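**Student:**
Residue numbers (the working numbering), protein chains in the order written: chain A, 72 to 182; chain B, 166 to 278.
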């Protein structure tokens, strides 16, 4: 079973601060995706990373895939209240067509 | 196309009753997934289809759960003899290719009393 542990589980910070969310596993993934979910809605894809060591930027969000493709991080610069939500990482195995989701990080940005 | 739609959005039932959820995926997507999510946790994989074929089913899924996707279009998820532990959000998602972006519906929230 591929398990993805996210940390921290909860994070509450002031607007304007920086933060990093981590996604760790003992398994190797062919690709890893990050989703954000708001209350009452389904998760929405933010980014997909495929290559070990890959870094992708989406405005104030920076995503990194670990060299060994077992872990990933999401860094948010100058957090805004609109960043509030449940952040989920999801990994795809090799030859396995389902995504396994992480445990989630609930982020609250205080104005 | 308006995206993935799920029905009903909310269902309250008594323990022991059967419930059925429906999912209409994005029309050109041939892969359809069911996930279950409890409050504040990540979605847990239940099963997935490629066209009408059910290709994988979670070992955590009891025999009370069954899913179908006749004709490779919409899908139904039925839970028989519901238990309080079945209370959760049931999410449907579809995708166009292997390990591609999942497009989720808004979910069907089940409460078993």
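Quick reminder that beta carbons are idealized off the backbone N, C-alpha and C, glycines included. Source: prediction; values computed, not measured.
Out of B:196, B:186 and B:180, which has the shortest C-alpha to C-alpha gap to residue 171 of chain B?
**Tutor:** B:186
**Student:** Please classify residue 203 of chain B as buried or exposed, where buried requires at least 16 neighbouring CB atoms within 10 angstroms.
**Tutor:** exposed
**Student:** Distance check for residue 249 of chain B and residue 128 of chain A, CA to CA, integer angstroms please.
**Tutor:** 42 Å
**Student:** List, in chain order, every chain A residue whose beta-carbon is nearer than 8 Å to that of residue 206 of chain B.
**Tutor:** 174 and 175
**Student:** Helix, strand or coil for residue 151 of chain A per DSSP?
**Tutor:** It is coil, neither helix nor strand.
**Student:** Would you tell me roughly how many angstroms separate the C-alpha atoms of residue 118 of chain A and residue 225 of chain B, rounded to the nearest one?
**Tutor:** So the alpha carbons of these two residues sit roughly 29 Å apart.
**Student:** Does residue 114 of chain A come within less than 8 Å of chain B when only Cβ atoms are used?
**Tutor:** yes
**Student:** Nearest-angstrom Cα distance between residue 131 of chain B and residue 216 of chain B?
**Tutor:** No information on residue 131 of chain B is available, as it lies outside the stretch 166 to 278 that chain B covers here.
**Student:** Could you tell me the distance, in whole angstroms, from the CA atom of residue 175 of chain A to the CA atom of residue 110 of chain A?
**Tutor:** 13 Å
**Student:** What separation, rounded to the nearest whole angstrom, lies between the Cα atoms of residue 107 of chain A and residue 115 of chain A?
**Tutor:** 5 Å
**Student:** Examine the ligand ATP and report whether any of its heavy atoms sits within less than 7 Å of the Cβ of residue 93 of chain A.
**Tutor:** Absence of the ligand ATP from the depicted structure is noted, as is the absence of any ligand whatsoever, leaving it without description.
**Student:** Report the CB separation of residue 232 of chain B from residue 242 of chain B in whole angstroms; it is logged as a contact under 8 Å.
**Tutor:** 5 Å
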